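Counting along the sequence shown from 1, when you hit position 243 you're at 243 in UniProt numbering, and nothing is skipped either side. Think of the CB as a built atom: it goes at the ideal place given N, C-alpha and C, for glycine as much as any other residue. Here the structure is a predicted model, which is why all the values come from computation and not from measurement. Structure first, commentary second.
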Amino acid sequence: MRISSLYHSSAMLHQMNNNGARLSKLMEQMATQKRVNVPSDDPVASSRLVQLNREQSAIDQYQSNITRLSGNLSIQESHVTALSEQLLALNDKLLAASNDTYSEKDMGGFANEMSQMLESLVSTMNAKNEDGHYIFSGTKTNTQPVVFDEASKTYLYAGNDASRATTVANGIEIAENTNISQAFSGSNNDLSMLNLLKTVSDKMATPGADYRDDLKLLLGEAKKSSDSIASVYTELGGKQNRLTLIGDAHSDVKISHEQVIQELSALDAATSYVNIQMYTQAVQASNKSFMMISQLSLFNQM
1 MRISSLYHSS
11 AMLHQMNNNG
21 ARLSKLMEQM
31 ATQKRVNVPS
41 DDPVASSRLV
51 QLNREQSAID
61 QYQSNITRLS
71 GNLSIQESHV
81 TALSEQLLAL
91 NDKLLAASND
101 TYSEKDMGGF
111 ANEMSQMLES
121 LVSTMNAKNE
131 DGHYIFSGTK
141 TNTQPVVFDE
151 ASKTYLYAGN
161 DASRATTVAN
171 GIEIAENTNI
181 SQAFSGSNND
191 LSMLNLLKTV
201 SDKMATPGAD
211 YRDDLKLLLG
221 EAKKSSDSIA
231 SVYTELGGKQ
241 NRLTLIGDAH
251 SDVKISHEQV
261 IQELSALDAA
271 TSYVNIQMYT
281 QAVQASNKSF
291 MMISQLSLFN
301 QM
């Protein structure tokens with residue numbers, strides 16, 4: 001069977017193009033150091049890589065959320081610690097003031113100190129974060145949580161009990177904000193402990209005023225507030241521990257994914273180099289053969 005010159009030339013050109021394409025692909029892989037650059041390089045591996053990279057992006061976002069939330073909780077912890085210390089100091093002052101041996105002048109001094117302690121408690125409860133938002137006002141972060149009502153001469157809570165949550169893993173959310181107003185309230189965020197403290201300090205500053213029963217009641221209320229704030233601090237610590245565990249789990253999964261991604265997409269440089277040499281030689285040989293054959297003619301034999 002005779003093979004026409006046209007068919008022979010087409011076959012050689014097809015082979016040369018194939019070798020050239022393979023060589024070009026190898027050069028691209030060597031340049032990127034990746035075995036899979038486009039889905040057609042390995043459809044199965046490419047699909048898996050897309051999934052893994054999507055999961056890695058989600059983990060990056062979760063880790064960013066954890067870092068931000070942990071920072072916010074640390075700020076809350078510092079202010080809750082301050083409240084705890086202020087309440088302990090207040091308790092000591094109340095115990096000292098319970099001594100019946102002090103004069104009215106001495107009690108006036110106690111009243112002044114207790115008034116300053118009240119201001120410190122209110123100031124801490126009205127703390128802001130670095131963005132200028134109130135920390136302990138629920139979701140009403142632009143509203144000062146503890147305000148003094150001149151009409152009723154009492155402290156009122158202007159925030160709310162709503163909660164903001166941050167997603168830290170698939171299906172897992174942790175509350176961002178902490179409610180501390182309840183620690184100073186009997187019910188409905190009435191801030192009864194703060195108002196009782198103001199009442200007692202005002203009476204102590206007034207000569208002849210009867211404040212003994214209120215003082216005893218305040219001692220009990222201050223103890224309750226101190227215990228409640230301690231519970232809040234424990235809750236914050238629990239959140240931080242949970243964030244640490246979740247963050248560590250994310251890091252482990254991320255490392256595992258990176259290893260799989262490396263295995264799926266990594267290029268065997270040594271093998272690729274050998275293949276490049278092989279296909280380069282094949283292309284050169286094909287070109288040389290094509291040139292020689294294309295120059296053959298019956299007229300050369302005449």
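Item	Value
List, from N- to C-terminal side, the beta strand (DSSP E) runs of 3 residues or more that fit wholly inside the region 174-214.	none
If we count Cβ pairs, one from each stretch, closer than 8 Å, do we get three or more for the region 69-87 versus the region 212-231?	yes
Going by beta carbon distance, what residues of the same chain come within less than 8 Å of aspartate 210, once the five residues before and after it are set aside?	Lys203
From Ser251, Gln182, Glu130, pick the residue whose C-alpha is nearest to that of aspartate 161; which is it?	Gln182
Determine whether the beta carbon atoms of tyrosine 155 and threonine 143 lie at a separation below 8 Å.	no
Mind checking phenylalanine 148: buried by the 16 CB within 10 Å criterion, or exposed?	exposed
Does the Cβ of isoleucine 255 have 16 or more other Cβ atoms within 10 Å, making it buried, or fewer, making it exposed?	exposed
Quick one: using the 10 Å Cβ neighbour count with 16 as the cut-off for buried, is asparagine 177 buried or exposed?	buried
Taking the C-alpha atoms as reference points, what is the distance between methionine 193 and threonine 139?	23 Å
Hey, is the region 46-58 in contact with the region 100-112, meaning 3+ C-beta pairs nearer than 8 Å?	no
Per DSSP, phenylalanine 148 is paired with what?	Tyr155
With a Cβ-Cβ cutoff of 8 Å, do isoleucine 261 and alanine 169 count as a contact?	no
If I follow the unbroken beta strand (DSSP E) through glycine 169, where does it start and stop?	The question names glycine, yet the displayed sequence has alanine at residue 169. It spans 165-169 - the beta strand (DSSP E) in which alanine 169 sits, taken as one unbroken run.
If alanine 165 sits next to proline 145, beta carbons under 8 Å apart, how far is it from one beta carbon to the other, in whole angstroms?	Wrong, their Cβ atoms sit about 19 Å apart, outside the cutoff.
Skipping 5 residues on each side, what residues in its chain have a beta carbon closer than 6 Å to that of serine 70?	Leu243
Count the other CB atoms within 10 Å of the CB of glutamine 76; is the residue buried (16 or more) or exposed (fewer)?	buried
What is the DSSP secondary structure of tyrosine 134, reduced to helix, strand or coil?	strand
So leucine 196 and leucine 217 are in contact, right, with Cβ under 8 Å, and what is the actual spacing, rounded?	7 Å
Could you have a look at lysine 128 and say whether DSSP puts it in helix, strand or coil?	strand
To the nearest angstrom, report how far apart alanine 97 and serine 201 are at their CA atoms.	11 Å
Checking 8 Å against the spacing of the C-beta atoms, do leucine 215 and leucine 94 come in under that value?	yes
Drop a sphere of 10 angstroms on the beta-carbon of isoleucine 172, count the other beta-carbons inside from all chains shown, and report buried for 16 or more, exposed for fewer.	exposed
Note down, in chain order, each residue of its chain lying with its Cβ closer than 6 Å to the Cβ of leucine 121, except the 5 sequence neighbours on either side.	Gln86
Considering only their Cβ atoms, is the gap separating valine 80 from isoleucine 180 smaller than 8 Å?	yes
Going straight from the alpha carbon of glutamate 130 to that of leucine 118, what length do you get?	24 Å
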